[in-house]
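Working notes, structure below.
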Amino acid sequence: MNDRPSVRHTYAEIRRSALEFIEERNVDPETDRPGARRLVERAVKEYCRRTQVGLGRALRDPDDMTERVIRSIADYGPLTDVLARSDVEEVFIEGPRVTFIDGEGRLQGLKEPTTLEENRQVVDRLLAGSDRRLDASQPIVQARVMDDSARLTAVIPPIADRLSVTLRRYALRRQDLESLVQLGSLTPQAARFLAAAMQTECGVVVSGPPGAGKTSMLSALLDACPPTRCIRCCEEVRELHIPLVHGSFYEARPPGLDGTGEISLRVLVKAVLAMRPDLIVVGEVRGAEAFELTRAANAGCGFACTVHANSAADALHALVSAALMAGENVSEAVVRRVFASAIDVIIHLDREALGEGYGGGPLRQVREIISVAPGSEGSYSVRVLFSRPRLGEPMTWSGELLPDTLNDRIERAAGVPMEQIMDGPGGLR
53 MNDRPSVRHT YAEIRRSALE FIEERNVDPE TDRPGARRLV ERAVKEYCRR
103 TQVGLGRALR DPDDMTERVI RSIADYGPLT DVLARSDVEE VFIEGPRVTF
153 IDGEGRLQGL KEPTTLEENR QVVDRLLAGS DRRLDASQPI VQARVMDDSA
203 RLTAVIPPIA DRLSVTLRRY ALRRQDLESL VQLGSLTPQA ARFLAAAMQT
253 ECGVVVSGPP GAGKTSMLSA LLDACPPTRC IRCCEEVREL HIPLVHGSFY
303 EARPPGLDGT GEISLRVLVK AVLAMRPDLI VVGEVRGAEA FELTRAANAG
353 CGFACTVHAN SAADALHALV SAALMAGENV SEAVVRRVFA SAIDVIIHLD
403 REALGEGYGG GPLRQVREII SVAPGSEGSY SVRVLFSRPR LGEPMTWSGE
453 LLPDTLNDRI ERAAGVPMEQ IMDGPGGLR
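Using my numbering, the letters of the sequence shown map in sequence onto residues 53 to 481.
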């Protein structure tokens, strides 16, 4: 990344001058790009005239500077090309610096210099198409941007010491279990088992670190559900994009300018409980909404969710801890017992942070699949069904079978014995 102060100063000066001309003449760069370009060219020419009398650093390429400034004002500045690349899935902004993860899974710095002011303008432009805002009253924001193709998380002072942004791109293509097999994330046997499980009233948790592919896996699981099942999906920021025959999607809402009107994820889950769901889906469980899932379990609703965890077994601990954050007068043992009874399968994914992976990108794979069964006095037991010792190595069936009740349900749904599901030939039913 080019961080030379003189280059940054020259760029910022010309850009500031161009914006003054544009404001004076009330030109909208988005609707009148030729008019904006003429004013940028004027700002560049005036700067060049000043350098001829020793007032400033001469430009090496005035036309290049014109292009950079017009892109900054009418597009996304130096980020324009990066945001247009399909192989870039994560972009990071820290003050004036911009980095991104390329198609090889490597962290790269943006070659063109940027300023804090310009990067903030890019963020504001991205947010302009959403109902979210970023200011002193709301210094933290999450929003769907770029035609719902990315999730933006931004933090500004005083919460952060400077502008801090993460932009995550996600695929809008339909994801299914077969495609995850083709990507090497699942084996055909594990995919066949999960497909059969999703035909039942199965409670499923998808766990893993950020960027491991939890949302893609959840989408694939929902795709395997029967079309007659009523599925209601609740998310902080919508990332699930699968066609639902019966059901709908719901997105949380931050408070308005007057501090009212907030619709939290917990409120959403509570609301959809009254809408006769067969399956409640929570995109990412992080807090008190987990307690509402215990109500769903007690009401006989199935549920599926994602949660950050270091292993499949840790996922259940994470859900219990999140549910206790609700502050209800319920003991940890009771919450654990409810989840142990409601959760049937936990799928844990992992990611090789900057590895070569498949197809040149980061390697994302299912690390283990376990079943959960309630024990005595609020305890629970787990059985490892599928696992791989480390990413990149084969995932194998452990030989373990499911608890009897879940085993019977899945066998009825699949129409074949469990041994044939677990250890049968490749391909899905």
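Using N, Cα and C, we set each Cβ at its ideal position, and we do this for glycine too.
In the DSSP assignment, the residues bridged to His400 are Ser259 and Glu420.
The way I'd put it, the region 176-187 doesn't touch the region 148-168; fewer than three beta-carbon pairs between them come closer than 8 Å. When DSSP reads this structure, Val197 sits in a beta bridge with Ala202. At a Cβ-Cβ threshold of 8 Å, Phe438 and Ile462 do not count as neighbours. For the set Met447, Gln104, Ile74 and Arg220, the Cα lying nearest the Cα of Asp139 is the one of Arg220.
DSSP places Leu273 in the helix class (H, G or I) of the three-state scheme. When secondary structure is reduced to three states using DSSP, Thr280 falls in the coil class, being assigned neither helix nor strand. Three or more beta-carbon pairs separated by less than 8 Å link the region 96-116 to the region 62-79, which places the two stretches in contact.
For Thr218, the enclosing beta strand (DSSP E) has its first and last residue at Ser216 to Arg221. The Cβ atoms of Pro86 and Ala126 lie no closer than 8 Å to each other.
Only exposed fits Gly311, as fewer than 16 other CB atoms lie within 10 angstroms of its CB. Put simply, the region 266-281 touches the region 351-363. At least three CB pairs are less than 8 Å apart. Pro455 is bridged by DSSP to nothing; it lacks a bridge partner.
The beta carbon of Glu170 lies closer than 6 Å to those of Ser124 and Gly129 in the same chain, with the five residues before and after it left out. At the C-beta level, Val289 and Glu303 come within 8 Å of one another. DSSP places Ser69 within a helical segment (H, G or I) once states are collapsed to three.
Going by C-alpha positions, Met117 is about 16 Å away from Arg102. Secondary structure of Ser268 (DSSP, three-state): helix. Rounded to the nearest angstrom, the gap between the Cα atoms of Gly451 and Pro469 is 14 Å. Counting along the chain, no alpha helix (DSSP H) covers Ile332; the unbroken beta strand (DSSP E) around it starts and ends at Leu331 to Val334. Straight-line spacing of the CA atoms in Val372 and Gln417 works out to 25 Å.
Where Thr118 is concerned, the enclosing alpha helix (DSSP H) starts and stops at Pro114 to Ala126. Residues of the same chain with a CB within less than 6 Å of the CB of Leu131, apart from the 5 flanking positions on each side, are Val174 in chain order. Ranked by Cα distance from Phe391, the options Leu443, Val424 and Asp154 are led by Val424.
Beta-bridge partners assigned by DSSP to Ala180: none are found. Exposure of Arg137 is indicated by the presence of fewer than 16 other C-beta atoms within 10 angstroms of its C-beta. If you draw a 10 Å sphere on the C-beta of Arg464, you find fewer than 16 other C-beta atoms in it, and that means exposed. DSSP places Arg435 in no alpha helix (DSSP H) but in the uninterrupted beta strand (DSSP E) bounded by Tyr432 to Ser439. Counting along the chain, the unbroken beta strand (DSSP E) around His360 starts and ends at Gly354 to His360.
CA-CA distance, Gln194 to Arg318, rounds to 17 Å. Of all C-beta pairs linking the region 200-207 to the region 244-259, fewer than three are shorter than 8 Å, placing the two stretches out of contact. Rounded to the nearest angstrom, the Cβ distance from Val333 to Arg284 is 7 Å, consistent with a contact under 8 Å. Taking Pro446 as the centre and dropping the five residues before and after it, the same chain places the C-beta of Arg440 closer than 7 Å to its C-beta, in chain order.
When rounded, the separation of the alpha-carbon atoms in Phe73 and Thr62 is 17 Å. Membership of Val143 in the beta strand (DSSP E) is indicated by the continuous run Glu142 to Glu146. The beta carbon of Glu314 sits closer than 7 Å to the beta carbons of Arg305, Pro306 and Pro307 from its chain, once the five residues preceding and following it are set aside; these are given in chain order.
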